[in-house]
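Peer 1:
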Amino acid sequence: MSLEIYNTLTRKKEIFKPLEEGYVGMYVCGPTVYSDVHLGNCRTFISFDVIYRYLRHLGYKVRYVRNITDAGHLEGDRDEGDDKFSKKARLEQLEPMEIVQRYTLGFHDVMHLFNTLPPTIEPTATGHISEQISMTQEILANGYAYEVDGTIYFDVEKYSKEKSYGILTNRKLEDLLEGTRDLGGQDEKRGRLDFALWIKAKPEHLMQWPSPWGMGFPGWHIECSAMSNKYLGKRFDLHGGGMDLAATHHTNEIAQNEACFKESPAQIWMHTNMLTVNGTRMSKSLGNGFLPHELFTGSHPLLDKAYSPMTVRFFMLQTHYRSTLDFSNEALQASEKGLKRLWDAFETLQKLTHTSSEVDAELEEKVLKFVNGFDESMNDDFNTAKVLANMFELVPIINSFKDGLIQIGAITAETFKLFKNNMTVYLTDVFGLKADAKVNNGKLSNVLDLLIEMRKEAKAKKDFATSDKIRNQLKEIGILLKDEKNGEMSWGVE
RNA sequence: GGUCCUUUGGCCGAGUGGCUAGGCAAAGCUCUGCAAAAGCUUCUACAGCGGUUCGAAUCCGCUAGGGACCUCCA
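Below, the structure written as structure tokens:
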């Protein structure tokens with residue numbers, strides 16, 4: 000079975016066939032680094048991280064480009080006011096590049112905590128000013144843009160005569176025009192839908208560069224076109240981003256590329272859905288954003304407690320990337336417990352070894368069905384939720400092996416090996432989950448071994464007062480002791 | 001106003017025509033010195049109304065609720 004991906008452009012799932020066999024070019028719109036990323040932003044990057052990991056798992060050599068927007072991203076996309084970086088810089092008396100540096104580092108820290116792999120190229124907008132200028136020149140030369148006093152606008156009306164401007168989100172130009180709000184009448188743009196490719200800077204503007212049209216800075220949309228073209232070429236396999244980018248940003252990207260190269264950039268457009276809070280989208284402008292830090296420390300009014308990065312990652316994997324996901328304390332709690340159960344079973348599985356006995360054909364078939372189902376589900380537009388459901392079906396089997404309720408030999412050595420292998424590959428390599436920082440400190444671990452030894456002795460002497468004291472006091476400091484069926488004891492951090 | 005999406009059990013969420021996930025919570029049982037963990041079992045839903053069909057959560061229509069985009073936002 001081959002991989003099928005939902006393409007926003009065609010509004011259906013398509014069999015994925017890379018332009019060049021064995022290679023995948025993927026571009027994902029990255030963050031604008033003028034403030035902390037919130038959890039909604041993280042969802043997109045985590046989703047694409049899993050997609051990237053899965054493509055690699057399938058054996059593709061992937062060039063994964065995710066940009067950092069660190070310049071020229073205007074609010075309202077109009078030639079007034081400063082860009083976000085300058086605004087923030089004045090407020091805090093910092094250099095714009097200090098802002099950029101601070102939030103870029105913060106972003107990387109967060110991505111690291113979520114165990115996402117870094118993209119293979121992470122280009123910045125400020126590092127590609129000349130590419131953006133030349134692309135603007137090309138569009139101008141091709142007649143799809145015009146200059147008004149040092150600012151270059153993309154001519155949507157002209158473009159619409161030849162191409163369908165609203166193709167990505169299936170909108171007609173008339174509808175788009177109708178929906179556009181009146182900008183006050185004193186606009187210098189010819190058409191209401193026209194957007195800036197290059198913006199003239201006022202003298203006091205902090206970030207500006209020389210161009211054929213004077214000092215200025217790039218419009219937002221042009222950076223992704225220029226950078227995707229530079230690293231992935233005129234045409235590449237996948238372009239992704241949050242759903243909120245489709246109607247404007249990605250629509251404009253397509254228009255720019257068509258106007259410049261006469262080609263649409265990506266064969267498949269992927270959009271991840273929004274993270275919501277109480278049914279409303281989490282966003283910076285609404286101020287309902289959760290910061291990763293608030294989550295990890297539990298310092299948010301809507302949270303009862305702290306949740307680990309892996310809990311959050313798992314929480315996101317339980318939902319399909321194209322569905323909205325509602326964020327709540329209750330849902331996180333459920334994920335935390337679910338992940339623990341799954342992870343404990345996974346660790347148990349690692350320790351088990353196969354010994355042959357009579358094979359139970361029914362169990363054998365069941366295990367094979369679920370284990371082989373991982374690939375099948377992922378091939379169906381990256382259905383991570385389905386894979387997890389299959390894994391949970393396998394959890395009781397693993398635990399029964401451990402407790403001797405089912406003989407491991409009830410499945411063949413071959414199936415057992417596949418079982419172990421697929422669980423490991425999927426949980427760690429594809430889903431990017433890892434053990435949450437246990438108390439992996441060697442000395443502490445030795446202390447616990449000592450306590451366990453003492454408790455075993457007490458139990459053997461039926462000195463339950465002592466054995467209970469050890470267990471209860473450890474529980475108070477958050478360490479759980481479990482008596483195993485075979486008389487052994489294990490411990491875990493709550 | 002326009003475009004589009006969505007409504008699944010106490011909660012979170014898969015699922016696009018028959019095989020009707022899964023997690024969490026809850027209840028019972030087993031195991032256990034007790035507990036925890038684990039195992040087994042129970043709870044089995046698809047907003048409402050109508051239509052298509054041998055058969056619908058799944059397709060179509062209407063009604064009602066929710067949401068997104070059209071303006072910076074992943």
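All the letters of the first sequence, read from the start, carry residue numbers 0 to 493 under numbering that gives the first Met the number 0. Yeah, the Cβ is synthetic: ideal placement off N, Cα and C, and Gly gets one too.
1) Using the rule of at least 16 other Cβ atoms within 10 Å of the residue's Cβ for burial, across every protein chain shown, is I14 buried or exposed?
2) Can you tell me which of L237, D402 and Q349 puts its alpha carbon nearest to the alpha carbon of L54?
3) Is P217 helix, strand or coil by DSSP?
4) Start and end of the alpha helix (DSSP H) containing N420?
5) DSSP three-state call for R77: helix, strand or coil?
6) Give the DSSP bridge partners of F326, in chain order.
7) Ordered along the chain, which non-local residues of its own chain (more than five positions away) have a Cβ less than 6 angstroms from that of T296?
8) In the DSSP assignment, what residue or residues form a beta bridge with L479?
9) With a CB to CB cut of under 6 angstroms and the five nearest residues on each side skipped, what residues in its chain are close to G239?
10) What's the gap between the Cα of Y145 and the Cα of H220?
11) Would you call the region 351-358 and the region 410-422 touching, i.e. three or more CB-CB distances under 8 angstroms?
12) Could you tell me the distance, in whole angstroms, from the CA atom of R340 to the CA atom of R62?
13) Does the contact criterion of 3 or more C-beta pairs under 8 angstroms hold for the region 37-51 versus the region 199-206?
14) Among Y164, K188, Q136 and G165, whose alpha-carbon lies nearest the alpha-carbon of Y152?
15) Please state the DSSP three-state secondary structure of D402.
16) Between the alpha carbons of I396 and T250, how many angstroms are there, rounded?
17) With a floor of 3 residues, list each beta strand (DSSP E) that falls wholly inside the region 42-117, ordered by position along the chain.
18) For V109, is the classification buried or exposed, using 16 other Cβ atoms within 10 angstroms of its Cβ as the cut-off for buried?
19) Could you tell me the distance, in whole angstroms, from the CA atom of D467 to the CA atom of K350?
20) Taking only three categories from DSSP, how would you classify F381?
21) Do the region 1-14 and the region 92-103 make contact, defined as three or more Cβ pairs closer than 8 angstroms?
22) In whole angstroms, give me the CA-to-CA distance for F400 and P117.
23) Report the residue from Y59, G149 and T279 whose alpha carbon sits nearest the alpha carbon of S327.
24) So, are the CB atoms of L480 and V492 less than 9 angstroms apart?
25) Once you ignore the five residues that flank T465 on each side, which residues in its own chain have a CB closer than 7 angstroms to its CB?
26) Tell me whether the beta-carbon of T68 lies closer than 9 angstroms to the beta-carbon of G431.
27) For V311, count neighbouring C-beta atoms within 10 Å of its own C-beta (all shown protein chains included) and say buried if the count is 16 or more, exposed if not.
28) Cα-Cα, which of R65, L112 and M25 is closest to K433?
29) Quick check on this structure: which residue in G29, S444 and R470 has the alpha carbon closest to the alpha carbon of R454?
30) Let me know the beta strand (DSSP E) ranges lying completely inside the region 311-361, each 3 residues or longer, listed in chain order.
31) Where do the ends of the beta strand (DSSP E) carrying E252 lie?
32) Anyone know if the C-beta pair for P264 and S322 falls short of 9 angstroms?
33) Rounding to the nearest angstrom, what Cα-Cα distance links N40 and P30 in this structure?
34) Over the uninterrupted beta strand (DSSP E) stretch that includes D236, give me the two end residues.
Peer 2: Judging by the given coordinates:
1) Exposed, since its Cβ has fewer than 16 Cβ neighbours within 10 Å.
2) Closest option to L54, judged by alpha-carbon separation, among L237, D402 and Q349: L237.
3) In this structure, DSSP gives P217 an extended state, which the three-state scheme calls strand.
4) A412 to T423 is the extent of the alpha helix (DSSP H) around N420.
5) For R77, the predicted model reports a pLDDT of 43, less than 50, meaning its position is unreliable and no value from the coordinates is stated.
6) Looking at the DSSP output, F326 sits in a beta bridge with V276.
7) So the list reads A305, once near-sequence residues are dropped.
8) Bridge partners of L479 according to DSSP: G491.
9) V27, F47 and M269.
10) Each residue's Cα considered, the two are about 16 angstroms apart.
11) Touching, per the Cβ criterion.
12) Taking the CA atoms as reference points, R340 sits about 35 angstroms from R62.
13) No contact exists between the region 37-51 and the region 199-206.
14) When the alpha-carbon of Y152 is set against those of Y164, K188, Q136 and G165, the nearest one is in K188.
15) Reduced to three states, the DSSP call for D402 is coil.
16) Those two C-alpha atoms are separated by around 49 angstroms.
17) Runs of the beta strand (DSSP E) lying entirely within the region 42-117 and spanning at least 3 residues, in chain order: 60-65.
18) Answer is buried; the Cβ neighbour count reaches 16.
19) Roughly 28 angstroms separates the two Cα atoms.
20) Reduced to three states, the DSSP call for F381 is coil.
21) As far as the Cβ criterion goes, the region 1-14 does not touch the region 92-103, which means the pair count is below three.
22) Going from the Cα of F400 to the Cα of P117 covers about 38 angstroms.
23) Nearest option by C-alpha distance: T279.
24) Their beta carbons are not under 9 angstroms apart, which means L480 does not touch V492 by this criterion.
25) A457, listed in sequence order.
26) No, these two residues do not count as a Cβ contact at 9 angstroms.
27) Note on V311: 16 or more other CB atoms within 10 angstroms of its CB, so buried under the neighbour-count rule.
28) Looking at the Cα atoms, L112 is the closest of the given residues.
29) Nearest in C-alpha terms to R454, of all of G29, S444 and R470, is R470.
30) Within the region 311-361, the complete beta strand (DSSP E) runs of at least 3 residues are 324-326.
31) Not the beta strand (DSSP E): E252 falls in the alpha helix (DSSP H), residues T250 to F260.
32) No, these two residues do not count as a Cβ contact at 9 angstroms.
33) The alpha-carbon atoms of N40 and P30 are separated by roughly 8 angstroms.
34) For D236, the enclosing beta strand (DSSP E) stretches over residues F235 to G241.
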